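Just below is one structure, and these are the notes that go with it.
In the numbering used here, the protein residues as written are 192 to 558.
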C-alpha cells in the first residue's frame, strides 16, 4: 500500500534516484532479521511494547543486509545487531523533542565507544543498552581483527558526533547554513561508520595511507552526502510536525533561498544528482586503482549508496511515520524510480566550498 497518513507539503513522491547501480540484499537477510529480533529481546533493550513494535518494523539490521550483500554472515550479523542497537538509541524517544538531546547523544557515544574498546570495564549507572553493547564488544573481539574493531568503534563515535551536531541545532532552535549542512551531512549520515562496517564484512581493511588519500576521502563523503539527501526525502514526513523544524536539506534550502518546501525539494534533488555524478566518477577512478583494497573500498561505497536507498523504500518508519499512526503499518511503502539520467544537466561543482573540492579530484582525461 502507499505511504500512510496525510501527505507532507512536498508530497509522498520520492524523486527518481539517479544511479546506474542497483541494490542487492544479503542472501541470508531473513535469517539475520530473525536472529537480531531474538537478540534484542534477550537483552530487553526496548522501552515498552510500542517501542519494540517500531524497532522491529524499522528493521535496522536489514540496513546492514542491504548495504553488505556479499558480507561474511557472522560478521554481517554482528554489525547488523550493532546497527539495530544504535537504531534503538536513535529512536529513544521516537516521537518528538525532549530536553538534553545533545547530552544524551554524547553520553551514549562515550558509553558505547568505551565498552567497544574495553568490554570488561565497569561503567557506573544503569542503561538498558549497556549489556547488549558489551555482548557486541566481546563477540567483536572474537570475530574481527583488532584494527577492524578499532575502525568500527572510532567511526561509530564519528557518526554519533554528527548526530550531536544535528540535535544541538534542534535544541537551540538554530539552523545551519547550507555550507555548514553540506560539511556535516556525511558525518550525520554515518558514512565512515558504514564504510568501516563494509570493510569488516568483506575482510578488506584499507590501510591509513590509502584511507587518507584525498580521492578516497572525497568518495566517502560523496557517498554519505547522497545517502543523507535521500534520507531527508524519505524522513521528511516523520519530522514535519516538529517546531523548531529539523535542519533537513529541504528545510535548509527553503530558509536560505526564501522558497517553498516544494521548490526546495527540487533544488535538493538537483544537488543530490550533482553529488551522485561525482560519486560515480570517483567510483570509476578508484575501481581502476592498482591497490586491491582501494578497488574493494569502491565496491563498499557502491553497495552503501544503493543499499541505503533500497532499505528506505519499504520501511514503515518512513512510509507510516509515528506522527501519523501510533503503530507501524507493515505494508506501507514508497513508489520509487531508479533512473540513469540526472534531473539537472549541470553536473559541475556547485558554489559550495564544503563539497566543491570533490570535483577537483576527478581525472578529466576521460569521461
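We put the CB at the ideal spot given by N, CA and C, even for glycine. Here the structure is a predicted model, which means the values were calculated and not measured.
Margin query: Since residue 526 and residue 193 should fall inside the 8 Å C-beta cutoff, what is the C-beta to C-beta distance between them, to a whole number of angstroms?
Written below: Right, their Cβ atoms sit about 7 Å apart.
Checklist line | Status (buried if at least 16 other CB within 10 Å, exposed otherwise) for residue 550 | finding: Result: buried.
Next item on the list: Within its chain, find whatever has a CB closer than 6 Å to the CB of residue 523; leave out the 5 residues flanking it on each side and keep chain order.
Entry: The residues are 192, 194, 195, 507, 510 and 511.
Note to self: If you measure between the beta carbons of residue 303 and residue 277, is that distance less than 9 Å?
What the structure shows: Yes. Within cutoff.
Check: Where does residue 287 land, buried or exposed, given buried means 16+ other C-beta within 10 angstroms?
Finding: Model confidence at residue 287 stands at a pLDDT of 42, short of 50, so the residue's coordinates are unreliable and nothing is read from them.
Check: Thinking C-alpha only, which one of 207, 208, 227 and 251 is nearest residue 559?
Finding: Residue 559 cannot be examined here, being either before or after the span of the chain that is shown, 192 to 558.
Check: Leaving out five residues before and five after residue 273 in sequence, what residues of the same chain have Cβ atoms less than 7 Å from its Cβ?
Finding: Cβ within range, chain order: 327.
Next item on the list: Check whether the Cβ atoms of residue 465 and residue 376 sit closer than 9 Å, and answer yes or no.
Entry: No.
Note to self: Using only CA atoms, which one of 552, 530, 531 and 516 lies nearest to residue 197?
What the structure shows: By alpha-carbon distance to residue 197, the top candidate from 552, 530, 531 and 516 is 516.
Item checked: DSSP three-state assignment for residue 209, whether helix, strand or coil -> Note: residue 209 maps to strand in three-state DSSP.
Checklist line | C-beta atoms of residue 389 and residue 262 nearer than 9 Å | finding: Yes, they are a contact pair.
Checklist line | With 16 other Cβ atoms within 10 Å as the buried cut-off, status of residue 539 | finding: Residue 539 should be labelled exposed.
Notebook entry, point to check: Going by C-alpha distance, which of 479, 215, 309 and 433 is nearest residue 496?
Noted result: Looking at the Cα atoms, 215 is the closest of the given residues.
Next item on the list: Mind reading off the beta-carbon distance from residue 340 to residue 265? Whole number of angstroms is fine, and I expect it under 8 Å.
Entry: Actually they are not in contact, since the Cβ atoms of residue 340 and residue 265 sit about 14 Å apart, beyond 8 Å.
Checklist line | alpha helix (DSSP H) segments (min. 4 residues) lying fully within the region 399-460 | finding: The region 399-460 contains, as complete alpha helix (DSSP H) runs of 4+ residues, the segments 399-402, 405-426 and 440-448 (chain order).
Check: Can at least three beta-carbon pairs, one atom from the region 447-467 and one from the region 411-425, be found at a separation below 8 Å?
Finding: Yes, since at least three Cβ pairs between the region 447-467 and the region 411-425 fall closer than 8 Å, the two stretches touch.
Notebook entry, point to check: What residue range is occupied by the uninterrupted alpha helix (DSSP H) comprising residue 144?
Noted result: Within the shown structure, residues of the chain are numbered from 192 to 558, placing residue 144 beyond reach of any answer.
Next item on the list: With DSSP collapsed to three states, give me the class of residue 550.
Entry: Note: residue 550 maps to helix in three-state DSSP.
Next item on the list: Please determine if the region 430-438 and the region 351-365 are in contact, where contact requires at least 3 C-beta pairs separated by less than 8 Å.
Entry: Three or more pairs of CB atoms, one per stretch, sit closer than 8 Å, so the region 430-438 contacts the region 351-365.
Notebook entry, point to check: At what residue ranges does the region 340-385 contain a whole run of the alpha helix (DSSP H), taking only runs of 4 or more?
Noted result: Counting only runs of 4 or more, we get 369-379.
Next item on the list: Determine, using beta carbons only, whether residue 353 and residue 331 come nearer to each other than 9 Å.
Entry: No.
Notebook entry, point to check: Considering only C-alpha positions, which residue in the set 235, 213, 309 and 379 is nearest to residue 258?
Noted result: Among 235, 213, 309 and 379, the Cα nearest to that of residue 258 belongs to 213.
Check: CA-CA distance, residue 446 and residue 455?
Finding: About 9 Å.
Check: Is it true that the CB of residue 477 sits closer than 9 Å to the CB of residue 392?
Finding: No; because the gap between Cβ atoms is not below 9 Å, this pair is not in contact.
Check: If we ignore side chains and look at the alpha-carbon of each, how far apart do residue 387 and residue 504 end up?
Finding: A direct Cα-to-Cα measurement between residue 387 and residue 504 gives close to 24 Å.
Next item on the list: Report the option in 541, 469 and 491 whose CA atom is closest to the CA atom of residue 552.
Entry: Closest option to residue 552, Cα to Cα, is 469.
Note to self: Please tell me whether residue 309 and residue 358 are closer than 9 Å, where the distance is taken between their beta carbons.
What the structure shows: By the CB criterion at 9 Å, residue 309 and residue 358 fall outside the cutoff.
Margin query: Using the Cβ count rule (16 or more neighbours within 10 Å means buried), how would you classify residue 300?
Written below: With 16 or more Cβ atoms within 10 Å of its Cβ, residue 300 is classed as buried.
Note to self: Output needed for residue 379: all residues of its chain with C-beta closer than 7 Å, excluding positions within five of it in sequence on either side, in chain order.
What the structure shows: Cβ contact annotation for residue 379 (same chain, cutoff 7 Å, sequence separation greater than five): 353, 354, 356, 357 and 419, in chain order.
Check: Which residues in the same chain have their Cβ closer than 6 Å to the Cβ of residue 424, if we skip the five residues on either side of it in sequence?
Finding: Apart from the 5 residues on each side of it in sequence, residue 424 sits with its Cβ closer than 6 Å to the Cβ of 205 in its chain, given in chain order.
Check: Who does residue 529 pair with in a DSSP beta bridge?
Finding: In DSSP, residue 529 forms a bridge with 208.
Check: Roughly how many whole angstroms lie between the Cα atoms of residue 543 and residue 514?
Finding: Distance from the CA atom of residue 543 to the CA atom of residue 514, rounded to whole angstroms, is 34 Å.
Notebook entry, point to check: Taking residue 490 as the reference, which of 370, 473 and 502 has the closest Cα?
Noted result: It is 473 whose Cα lies nearest to the Cα of residue 490.
Next item on the list: State the DSSP-derived secondary structure class of residue 202, mapped to helix, strand or coil.
Entry: Coil, per DSSP.
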